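A.B. asks: All residue numbers for the sequence shown refer to the numbering used here, where the first residue is 3 and numbers rise by one. Note that CB positions come from ideal geometry on N, CA and C, so glycine has one too. As the structure is a prediction and not an experimental result, all values here were calculated from the model.
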Amino acid sequence: MARIKGGLNAKKKHNRVLKLAKGYRGARSKQYRVAKQSVMRALTSAFAGRKERKRQMRSLWIARINAACRMNGLSYSRFMYGLKCADVTINRKLLSDMAINDAEGFTKLCDMAKSKLA
């Protein structure tokens, strides 16, 4: 039986990596060995970036809630504790959206939190 050489599979593997490296500068997009290193690093950074984005969004929500709370005479931590005492379980994403789009509703929540704190 004849020997099968791996040229076609190697070519496919190289092309897959070079396609991912499209847009990179210089040898990073042309030479397989350099492109492979760049792509591996980029994929690692992309994974870490997806985790980082979740942290950044949470901190943005907290900043928005804090700003709206201070307009109603509360700090963020006192507001959240007041909501916890009032058995209100709304997540930070919804609270942030409420602070921006529904000011009256957010004010009612602030008043509820204040009453539970007093």
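Do A37 and L62 have their CB atoms nearer than 8 Å?
C.D. replies: In the sequence shown, counting from the first residue as 1, residue 37 sits at position 35. In the sequence shown, counting from the first residue as 1, residue 62 sits at position 60. It is not a contact, given that the beta carbons lie outside the stated cut-off.
A.B. asks: For Y83, which of helix, strand or coil comes out of DSSP?
C.D. replies: Translated into the one-based positions of the sequence shown, residue 83 becomes position 81. Helix at Y83.
A.B. asks: Below 8 Å on the Cβ atoms is my contact criterion, and I expect I67 with Y83 to pass it. Report the Cβ-Cβ distance as a whole number of Å.
C.D. replies: Position 65 of the sequence shown, counting from 1, holds the residue named residue 67. Position 81 of the sequence shown, counting from 1, holds the residue named residue 83. About 13 Å separates the two Cβ atoms, so there is no contact after all.
A.B. asks: Within a Cβ cutoff of 6 Å, which residues of the same chain sit near C87, ignoring the five residues on either side of it in sequence?
C.D. replies: For the purposes of this step, residue 87 is taken as the residue at position 85 of the sequence shown. K118, listed in sequence order.
A.B. asks: Which two residues bound the contiguous alpha helix (DSSP H) that contains T109?
C.D. replies: In the sequence shown, counting from the first residue as 1, residue 109 sits at position 107. Where T109 is concerned, the enclosing alpha helix (DSSP H) stretches over 105-119.
A.B. asks: Can you grab the Cα-Cα spacing for the pair A115 / R57, in whole Å?
C.D. replies: Along the sequence shown, one-based indexing puts residue 115 at 113. Along the sequence shown, one-based indexing puts residue 57 at 55. Taking the straight line joining both Cα atoms gives about 26 Å.
A.B. asks: Short of 6 Å in beta carbon distance, which residues of its chain neighbour L85, apart from the five on each side in sequence? Order them along the chain.
C.D. replies: As a working mapping, residue 85 is identified with position 83 in the sequence shown. If we look at L85 and ignore the five residues flanking it on each side, its Cβ neighbours are A115.
A.B. asks: Could you tell me the distance, in whole angstroms, from the CA atom of M3 to the CA atom of A29?
C.D. replies: The count along the sequence shown starts at 1 and reaches residue 3 at position 1. The count along the sequence shown starts at 1 and reaches residue 29 at position 27. Each residue's alpha carbon lies about 40 Å from the other.
A.B. asks: Reducing DSSP to helix, strand and coil, say where L76 ends up.
C.D. replies: Taking the sequence shown and counting its residues from 1, the one referred to as residue 76 is at position 74. Three-state result, L76: coil.
A.B. asks: As a quick exercise: from I6, T91, C71, S40, pick the residue whose alpha carbon is nearest that of G25.
C.D. replies: Along the sequence shown, one-based indexing puts residue 25 at 23. Taking only the C-alpha atoms, the option nearest G25 is S40.
A.B. asks: Could you check if F81 is buried or exposed, using at least 16 other CB atoms within 10 Å of its CB as the buried criterion?
C.D. replies: Residue mapping note: residue 81 aligns to position 79 of the sequence shown, counting from 1. Buried: at least 16 other Cβ atoms inside 10 Å.
A.B. asks: Sorry if obvious, but does the Cβ on R94 come closer than 7 Å to a heavy atom of the ligand ATP?
C.D. replies: The ligand ATP is not part of this structure, which contains no ligands at all.
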